[in-house]
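Heads up, the sequence shown is in our numbering, so the first residue is 4 and it goes up one at a time. Accompanying notes for the structure given below.
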Amino acid sequence: MEQIKVGVVGLGAIGERLIQGFTANENTTVVAVVDTDINRASQMAEKLGGINWYENHLDLINKEKLDLVYVAVPPKYHHKITVDVIEKGINVLCEKPLANSVVEAKHMLDKAEEAGIIHAMNFPLNYSASANMFEKLFKSGYIGKLRRIELNMKFPQWPRAWQQNEWVAGREQGGFVLEVGVHFIQLTQRIFGSILHQHTKLELPEDPTKCETGIIATLQLSDGTPLIINGISQIAGEERIEYVAYGSEGTLSLVNWARLEGGKLGEEIQPLETEIDETQNLISNLVDAIAGKESKLYDFKAGYDAQVILEKVRNESE
Ligand SMILES: NC(=O)c1ccc[n+]([C@@H]2O[C@H](COP(=O)([O-])OP(=O)(O)OC[C@H]3O[C@@H](n4cnc5c(N)ncnc54)[C@H](O)[C@@H]3O)[C@@H](O)[C@H]2O)c1
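Structure, rendered in structure tokens:
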């Protein structure tokens, strides 16, 4: 199979992580990189064997022959860069959240659909063995009838040590509701269907440029099942992100992204086995999609649907 030529825009923590994935996949090659930080761009280009690097994404899409562009810049730049890529007719993988507003997200979805390109989101929980087993067990009746879903997020420090960036700490395009919450909003929509937002109470610092330090939000599934989002940062103790489904016959939880736990009524909560399928990752599915084969991608529609709820959740209710 011919190599899929990838251009990467944004070489921060996550951009680097996916570059490793593209390098590890025998069908993809990163042929050029872009970052407004030219030291980062030139160093990464060097590390990848002296490939081309640019300071501006327009140079990338105008000068390189590409099959895919991966957009891994902070959220408020997703829209501009992604739309430019789509207008060039190039397939695009965009980081979450899709955009920095619902209006931008809708525009990106419409443009991608009109252009007929492959458009995908990086929502890694979709390829996680634990999250997939969570869904499988739920659908096989492990917890009986669903009574309530909770997302509990506790961060001793936000931004976390590995993501010390101004924007992650800011209200405009950061905060843990946006950075972490959106993964679980999308997962909920995937497993349980549409969500309705009811109410959000935020704890906000006095500095209007800084992101939330607390949230209590209530939402519901289409059948009225409650979904509660409870988050707090700058606290004592350890980081814990827990996504729990309570049912009439038991409980299932995803703890700290990858740990699946559960128990039936009257039992203790135990770690549960998952089934790892190494071939099922985002990049192998992108390769299949670009080769015209059947694939499992979460596209801009999934990104848009999650954005609609995200924007309601991260804004204080009237
Ligand atoms: N899918 C996931 O699990 C996951 C995890 C963390 C972050 N993210 C998302 O990935 C994106 C990047 O996050 P990060 O933590 O790597 O951020 P980061 O700040 O570490 O890196 C972003 C990089 O983009 C560069 N950049 C900024 N504006 C640019 C522009 N206009 N053109 C080119 N380069 C530009 C910056 O110089 C920086 O090197 C965000 O959207 C974030 O929400 C996703």
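Here a beta-carbon is modelled for each residue, glycine too, at the ideal position from N, C-alpha and C.
Contact under 8 Å by Cβ, residue i with residue j
i: D70; j: I293; result: yes
i: Q167; j: Q237; result: no
i: R243; j: K315; result: no
i: Y73; j: L21; result: yes
i: A309; j: I188; result: yes
i: L63; j: G10; result: yes
i: M124; j: K99; result: yes
i: A134; j: I279; result: no
i: K109; j: Y307; result: yes
i: L255; j: A261; result: no
i: I194; j: E241; result: no
i: Y130; j: L275; result: no
i: Q6; j: T31; result: yes
i: G184; j: L313; result: yes
i: L190; j: L128; result: yes
Expected contact under 8 Å - CB spacing of residue i and residue j to nearest Å
i: Q176; j: L199; result: Going by Cβ atoms, the distance from Q176 to L199 rounds to 25 Å, so no, they are not a contact pair.
i: Y145; j: G265; result: 7 Å
i: A44; j: V37; result: 6 Å
i: E367; j: N155; result: Since the first residue of the chain shown is 4 and the last is 321, residue 367 is not available in this structure.
i: K148; j: G250; result: 6 Å
i: V311; j: V105; result: 6 Å
i: F126; j: H186; result: 6 Å
i: T277; j: L263; result: 6 Å
7 Å Cβ shell around residue i - same chain, five flanking residues per side excluded
i: E215; result: G178, V180, L205, E206 and L207
i: G173; result: T212, K213 and C214
i: E182; result: V171
i: S287; result: N28
i: T39; result: E58
i: L61; result: D87
i: A118; result: I89 and G92
i: E107; result: H82
i: L101; result: H81, A108, M111, M124, F303, G306, Y307 and Q310
i: G196; result: L224 and S225
i: I17; result: A75 and E98
i: W165; result: A16
Bridge-paired residues (DSSP) for residue i
i: K8; result: T32
i: W56; result: V36
i: N288; result: None, per the DSSP bridge assignment.
i: N233; result: N155 and I219
i: V311; result: According to DSSP, which records beta bridges pairwise, V311 is partnered with nothing at all.
i: T191; result: Paired residues: none, contrary to the question.
i: I198; result: L224
i: E175; result: BP columns for E175 are empty, so no partner.
i: Y246; result: L154 and L257
i: G266; result: T254
i: T203; result: A220
i: P274; result: E264
i: K213; result: G173
i: Y73; result: V11 and L96
Close Cβ partners of residue i (< 8 Å) along its chain, the five nearest in sequence each way excluded
i: L231; result: The sequence given here has Ile at residue 231, not Leu. R151, I152, E153, L154, I219, A220, T221 and L222.
i: E19; result: M47
i: G253; result: Y145, I146, G147, G265, G266, K267, L268 and E270
i: I120; result: I89, G92, I93, N94 and V95
i: E67; result: K8, G10, V34, A35 and N55
i: Q273; result: E264, G265 and G266
Residues of its chain near residue i, where Cβ-Cβ distance is below 6 Å and the 5 sequence neighbours each way are ignored
i: A115; result: I89, H122 and F303
i: N103; result: P78, K79 and Q176
i: H202; result: T221 and S320
i: A239; result: none
i: G13; result: A75 and V76
i: N2; result: Residue coverage of the chain in this structure runs from 4 to 321, which leaves residue 2 outside it and unanswerable.
i: P162; result: V171 and A172
i: N233; result: N155 and I219
i: I84; result: V12, H60 and V74
i: S298; result: N288, D291 and A292
i: G24; result: I286
i: M4; result: N30
Residue i Cβ short of 7 Å to ligand 2 heavy atom set
i: K109; result: No copy of ligand 2 appears in this structure; the ligands present are ligand 1.
Below-8 Å beta-carbon distance, residue i vs any chain B residue
i: V11; result: Reference to chain B is not applicable here, since this structure consists of a single protein chain.
- Taking only runs of the alpha helix (DSSP H) that begin and end inside the stretch 83-165, which ones reach a length of at least 4 residues, in chain order? 105-118 and 132-142
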